[in-house]
RNA sequence: GGGCUCGUGGCGCAGACAGGUAGCGCAGCAGGCUUUUAACCUGAUGGCCGCGGGUUCAAAUCCCGCCGAGCCCGCCA
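Below is the structure:
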């Protein structure tokens, strides 16, 4: 039996499914949120969450719905550890909110702001534009104060929920212990007015400065700071209070009226903080809470990215070596529950793949392995800005790898004009647009950085100023005659890649020189190696005049 | 101990929710008008679909068990 594939039962892409679900909320404005603790540099993986938020927003707008994105900088969290590179003292700053810790680099208001800004600066390139909300400032608003009050008033309910969600997989003894430990627990901590700490101790031995009592009638909060010993009972309005983990999140959802928030797998697991947060939304704040969109993590080169341990690979570093649109493409094409392992050394190949999508979108490739409808959906979502009316050609990344390394040899003007010429030939263009020229420039810059950081030895091209005498000495009588013949040919006429490649073979054969040897000789003269980039295009990149001079110089050295 | 996700040619992945001859990219291999070189084009090769069992005329796909990898599950975030 055969199946007619039902058209609308299963969607072509996860974005459609997610947006369908979000749109069901039927609200006036769809608010898509994300948040990040600023314990250090925010790595490239977090950008996945921002991109997910962004495409949900874009698709909602596409459907004529009002939508925005939010990015909450969790800078009111207490500092627990410092990266090894930091000059700050952990003893001095542990337990203090990131917004109160100074910026050791001196350029921002605080430790938290510094790391947040490092990320925020890359937003335009990556095509995201969320409203930035500073957690510590949010806590100063009357709405958030009221939410804190609501949580304190509903402490019993919150305790019940936590026992239900956190302790459900415990054995009897663990359960008893947990219930006991939470008996006099309040869902909030206090910034000590004396020492400025939310908690004492660093990672592993933390004791929070927890609210020890809340007098609802007088709206008074008691605490007993474990860091400095200061104990007091003060009006809620007069002190800085922060809600606990698992409670803070639903309070923010409520105050900011969040419709949807994606969550990494650590938070999104069944019974995890997201689920308990939804339960708190229902039973404490009286609404259903946001639409949960779980997603897997991003790894780089097979290793986890983590601010505290592992490798630091920040978005800025990505945009220095690869197009941000490519990052968005990788995020969008991969299913949400798949971990993404980014391999920087594959950037050239991945860029090619992305450009296949681009050409499919513009209908330039006659046949394409990429589905038309998928290209129509995905390509615009990959771009950081509006989709240009017409295809804007660029040089292939792999061409740029070689070309960009020649700047120091032939100068950047030559590199640009030869790159433009390559595009003109490839797409049969009369002229190259200003936009294309900007693209070329960007690509050359990225290709050069890429090859320096991630290129293999084969990718690296190093043209020495002079041909070393050690190489001159290896030239035989026949080699020299070949070089003379090739020089003549070069002087005689401008040749395209194919003609030039043939000329090498032709001249070598005429003289009875082994073809392979001819190539070795030329590569040695040019780059002191016995092989290199495909020869004729490489010579044309360097330019006829330059190569003529090079060979002439070499022949002079022979004497 | 409990839970979630993943396991498909050398590498990275699609196909699994609707069971019916196993696809793509990269690498490798062979070719591109008597011209091997690493922008480009063409072609062929390469897979007990983690293992075992079950359902079915038919299983990569559905069900059960096992193995392996990753992650989450006290406080704190």
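Residue numbers (our numbering): 21 to 579. Backbone N, C-alpha and C fix where the C-beta goes; we use that ideal spot for every residue, glycine too.
Check the Cα spacing between residue 494 and each of 537, 274 and 482: the tightest is with 537. Residue environment analysis places residue 206 among the buried positions, since at least 16 neighbouring C-beta atoms fall within 10 angstroms of its C-beta. For the region 195–283, the full-length alpha helix (DSSP H) segments reaching 4 residues or more read 268–276 along the chain. Between the alpha carbons of residue 356 and residue 316 lies a gap of roughly 6 Å. In this chain, residue 477 is not harboured by any alpha helix (DSSP H), its DSSP state being neither H nor E.
Under the 10 Å beta carbon count, residue 255 is surrounded by fewer than 16 other beta carbons and is classified as exposed. Selection 341, 232, 266 and 265 evaluated against residue 251 yields 232 as nearest (Cα-Cα). Shown here, residue 314 sits in a strand according to DSSP, grouped into three states. For residue 195, same chain residues with a beta-carbon under 6 Å away, outside a window of 5 residues either side, are 187 in chain order. Taking a contact as a CB-CB distance under 8 Å, the pair residue 547 and residue 471 does not count as one, their CB atoms being some 14 Å apart. Straight across, the Cα-Cα distance linking residue 445 with residue 556 is about 15 Å. Residues 198 of the same chain have their beta carbon placed closer than 7 Å to that of residue 190, with the five preceding and five following residues left out of the count. A distance below 8 Å separates the beta carbons of residue 133 and residue 123. In the structure shown, the three-state DSSP call for residue 90 is strand.
A Cβ-Cβ distance of about 6 Å is found for the pair residue 341 and residue 367, placing them in contact under the 8 Å criterion. The Cβ-Cβ distance between residue 177 and residue 303 falls below 8 Å.
Below 8 Å, too few C-beta pairs join the region 104–121 and the region 67–86 to call them touching: fewer than three. If you look at residue 353, you'll find it in the alpha helix (DSSP H) that goes 344–353. Less than 8 Å separates the beta-carbon of residue 430 from that of residue 562. Contact between residue 148 and residue 94 does not hold, since their C-beta atoms are separated by about 18 Å, which reaches or exceeds 8 Å. Secondary structure of residue 144 (DSSP, three-state): helix.
The continuous alpha helix (DSSP H) containing residue 511 extends over residues 497–512. Comparing C-alpha distances from residue 260 to each of 310, 274, 209 and 284 shows the shortest one belongs to 209. With distances taken between CA atoms, residue 374 lies nearest to 347 out of 566, 365 and 347.
Residue 515 and residue 283 have their C-alpha atoms some 57 Å from each other. Within the same chain, 116 and 120 come within 7 Å of residue 216 by CB-CB distance, once the 5 residues on both sides are set aside. DSSP, reduced to helix, strand and coil, places residue 549 outside both helices and strands of the structure shown, so it counts as coil. Secondary structure of residue 536 (DSSP, three-state): helix. Between residue 415 and residue 475, the CB-CB gap reaches or exceeds 8 Å. Nearest to residue 423 by alpha-carbon distance, out of 61, 456, 413 and 437, is 437. For residue 56, the enclosing beta strand (DSSP E) has its first and last residue at 49–57. Annotation: residue 151 is outside any alpha helix (DSSP H); the continuous beta strand (DSSP E) that includes it extends over 151–154. By alpha-carbon distance to residue 454, the top candidate from 296, 412 and 501 is 412. When rounded, the separation of the alpha-carbon atoms in residue 155 and residue 62 is 16 Å. Judged by beta-carbon spacing, residue 309 lies within the 8 Å limit of residue 298, meaning their Cβ atoms are closer than that value. Under a 10 Å Cβ-count criterion, residue 173 is classified as exposed, with fewer than 16 other Cβ atoms of the shown protein chains found around its own Cβ.
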